[in-house]
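In what follows, a single structure is set out as structure tokens and then discussed.
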Amino acid sequence: MVGLVGIWYRSRYRLKQIGSLVIATILLAATLVALANVATAQAPKSTIKIALFQPRTAPALNFYGTWAIQGFHLGLEYATGDKKPENLALLMGLKEASYSLPDGRRIVVKVFDTQGKPDVAISKAREAIEEWGADILAGETFSSLAVTLASIAKQYKKLYFVFPAAAASITQDPVFNKYVFRIARNTDQDAAAMTYFMVENLGYKKFAFLAADYEFGWSYMESIQAALSKYPGTRIVALEWVPLTATDFKPYLLRINASNPEVLGIIWAGDFSLIIRDLSALNMLGRIPLASVMIDLFTTNYINNCVPGVQGSLINLTAVTYDAYVRNRASQTPLYGVLEKMMKEENIYPYDFLKGNPCKALDKLSGARVPDLWHPPAFATAQFIVEAIKAVPDLNVDRMIAFLEGLTLETPMGITTIRPEDHQALRPFYIVRYIVDNDPNSDTYGLTIGEYIATIPPEKVAPRILTSYKPYPKTFSVSIKSPLAGTAPFTATLTAVIEGGTPPYACEWRIEEKSMSGTSITYTFTNPGIINITLSCTDSIGLRANASAGIVILKPEVTPTPQITTPQTTPQVTTPATPRPEQAIDISMVAVIIAILVMAGIAIALMRRRSR
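Position in the sequence shown (from 1) plus 1115 gives the number in the working numbering.
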């Protein structure tokens, strides 16, 4: 009995000893905080250089490059807030143009002429990176050259924003890599929009195609076949591959005519006026409907106003468009209206190369200051680049990639989101009606333009995901797994419990003015009290997460003086054995846990009572 009283007394003493520690532990536990998504950043880069690649002196598609440069310039002005109309002339002259960010840093852009040649594109890319010091790559009209630039971006670990090149393969394996982003649309989206409209709206089943025999055409036709496979009963009755340098299209068109298609799709980038000429000469134009896609004002007005025998044939027809000029589109996409206004304010003429054209409609178009096919996506690309530069001032490439993945912005194309799995932007397409502009105050007065009818939502034209890429995790947090208490000297295993982030992780522990590294450590506590533990972990892309915890270390127990009892005279009666010291420790530790729970319950009850 005396032994049991001794045990109770010692347990009571130990409870009293740790009473204040229990309260302090509860308060400490209530303030434990894990900080996530705090980036480790080096000093911001004061000057950011963007190399913009376009085929300025190529024999074909150079005017697409001009539109891309114009749109990119306007997008940089809008996104930085630094309006410098004079910069456009510098860019067109292959000279440096500077745009200032609100924080005082500068974005410097320079155009590099790829001439539409792969070997030149490679040499210019190396010049831009190794000699000029480019931080970010952008542009290129030819899809085959964009494929080459994508591999260089991977080699040098530089972000590459593709536009206007539209081949879907650029954002698909094996070409795609994590450094490649495309805000502009691709051929998969084009094909999905075209087939959606041709089949679901117009009811066509038998298709013929005349396609350019290079990367763009191959990718487009592969996309068309995939899109048509979703519609039972549709089929391709003729497919003619034509060299991009062809000038006589009659042999190809005659074979197409013999297949009796319900509709003809022309898969061609740039000027296809010669195709229209030969269609007209063979009496096929108007007899076989063309796949209704409004590409740009140049093509639209050539067909509707310049080809003998078919003038006015487009008026009141409906079509799908990507980014051709549509006068009332600003009602659906407010930034399209901003782009229109900026074009006029800075007197930007996309069609000045048509000045003096013998077709009066095209000559008039040369004086129009309106956005066309590549202005909206180029503008939007600049928006996304500037947002990434603002968000990651030190230009850590992996952190910029993580930031851009899933980013959504309002752009002149509509609400635009970068899909994390392949870095292809998702955006709406539009259904329009061909009309004659009857506004005498308009730059396109008397010309054929588009009138907005309806929006095709992004999910209806979303391209296939054909990559094995795994996007960066968006969250990163850490907590500490450790014992609540122990008796000195106490050896404990401490583990960082990590969620999210990108491995490998680097963790630094701080305990009693000592530092240790690793995601799991062993530490011996020798000093009684509440010992604070802090942990800081960094993932491979520089995201940091912090956590802290406390552990209660008790004083070593003093072994009590052994109790001496006198043996009883009755042989059958023995004195109860005194429990071993470790039994007392077990009981007291149970008491500690019970006390913590009781104190926590009291604290909660008091808070609830006060809240009333």
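C-beta: ideal position from N, C-alpha, C; glycine also.
When we look at the beta-carbon of residue i and count the other beta-carbons within 10 Å, is it buried (16 or more) or exposed?
i: residue 1673; result: exposed
i: residue 1542; result: buried
i: residue 1218; result: exposed
i: residue 1202; result: buried
i: residue 1554; result: exposed
i: residue 1300; result: buried
i: residue 1373; result: exposed
i: residue 1192; result: buried
i: residue 1462; result: exposed
i: residue 1402; result: exposed
i: residue 1270; result: exposed
i: residue 1161; result: exposed
i: residue 1590; result: exposed
i: residue 1569; result: exposed
i: residue 1666; result: buried
i: residue 1423; result: exposed
i: residue 1313; result: buried
i: residue 1457; result: buried
i: residue 1664; result: buried
i: residue 1416; result: buried
Under 6 Å: does the beta carbon of residue i sit that close to some heavy atom of the ligand SAM?
i: residue 1306; result: Absence of the ligand SAM from the depicted structure is noted, as is the absence of any ligand whatsoever, leaving it without description.
On the DSSP letters alone, give me the boundaries of the beta strand (DSSP E) that residue i sits inside.
i: residue 1658; result: 1658-1669
i: residue 1333; result: Unbroken run through residue 1333 is the alpha helix (DSSP H), 1330-1343; no beta strand (DSSP E).
i: residue 1474; result: Where residue 1474 is concerned, there is no enclosing beta strand (DSSP E), given that its DSSP letter is neither H nor E.
i: residue 1275; result: 1274-1276
i: residue 1285; result: Premise fails: residue 1285 is in no beta strand (DSSP E) and is neither H nor E.
i: residue 1635; result: 1635-1640
Could you spell out the range, first to last residue, of the alpha helix (DSSP H) harbouring residue i?
i: residue 1372; result: 1365-1373
i: residue 1238; result: 1233-1241
i: residue 1310; result: 1302-1310
Keeping to the same chain, check which residues put their C-beta closer than 6 Å to that of residue i; ignore five residues upstream and five downstream.
i: residue 1336; result: 1326
i: residue 1213; result: 1221 and 1223
i: residue 1246; result: none
i: residue 1635; result: 1610
i: residue 1737; result: Lying outside 1116 to 1727, the shown extent of the chain, residue 1737 is not represented and no answer is given.
i: residue 1404; result: 1378
i: residue 1467; result: 1481
i: residue 1701; result: Annotation note: pLDDT 41 at residue 1701 (below 50); position unreliable, coordinate value reported separately. For residue 1701, where only same-chain residues beyond five positions count, there are no Cβ hits under 6 Å.
i: residue 1310; result: 1342 and 1343
i: residue 1499; result: 1298
i: residue 1148; result: Any reading at residue 1148 needs caution, since the residue's pLDDT is 34, under 50, leaving its predicted position unreliable; the model's value is listed next. Correct list: empty, nothing qualifies.
i: residue 1364; result: 1390 and 1393
i: residue 1168; result: 1227, 1229, 1254 and 1255
To which residues of the same chain is residue i closer than 7 Å at the C-beta, ignoring the five residues directly before and after it?
i: residue 1241; result: none
i: residue 1370; result: 1353 and 1355
i: residue 1394; result: 1368 and 1400
i: residue 1581; result: 1287 and 1288
i: residue 1420; result: 1426, 1474, 1476 and 1563
i: residue 1573; result: 1541, 1542 and 1543
i: residue 1272; result: 1294 and 1512
i: residue 1671; result: 1602 and 1603
Residues in its own chain within less than 8 Å of residue i by CB, not counting five upstream and five downstream?
i: residue 1606; result: 1637, 1638, 1639 and 1640
i: residue 1350; result: 1320, 1321, 1322 and 1343
DSSP puts residue i in a beta bridge; with which residues?
i: residue 1252; result: 1166 and 1275
i: residue 1326; result: 1356 and 1382
i: residue 1650; result: 1624 and 1662
i: residue 1296; result: 1276
i: residue 1644; result: 1668
i: residue 1321; result: 1350
Any Cβ of chain C within less than 7 Å of the Cβ of residue i?
i: residue 1467; result: The structure shown contains no chain C, having only a single protein chain.
**Item:** Contiguous beta strand (DSSP E) assignments of at least 3 residues, all confined to the stretch 1550-1632
**Value:** List check, beta strand (DSSP E) in window: 1563-1571, 1591-1596, 1600-1602, 1605-1615, 1621-1626 and 1629-1632.
**Asked** Can you list the alpha helix (DSSP H) stretches of 4 or more residues lying completely in the stretch 1154-1227, in chain order?
**Response** Within the stretch 1154-1227, the complete alpha helix (DSSP H) runs of at least 4 residues are 1177-1195 and 1202-1207.
**Asked** What residue ranges within the stretch 1482-1547 form continuous alpha helix (DSSP H) runs of no fewer than 4 residues, ordered along the chain?
**Response** You should have 1490-1506 and 1512-1519.
**Request:** May I have a chain-ordered list of the alpha helix (DSSP H) segments no shorter than 4 residues that lie completely inside the stretch 1370-1435?
**Result:** With a minimum length of 4 residues, the unbroken runs of alpha helix (DSSP H) contained wholly in the stretch 1370-1435 fall at 1388-1396 and 1412-1421.
**Item:** Residue ranges of each alpha helix (DSSP H) within the stretch 1440-1464, 4 or longer
**Value:** Listed in chain order, they are 1449-1460.
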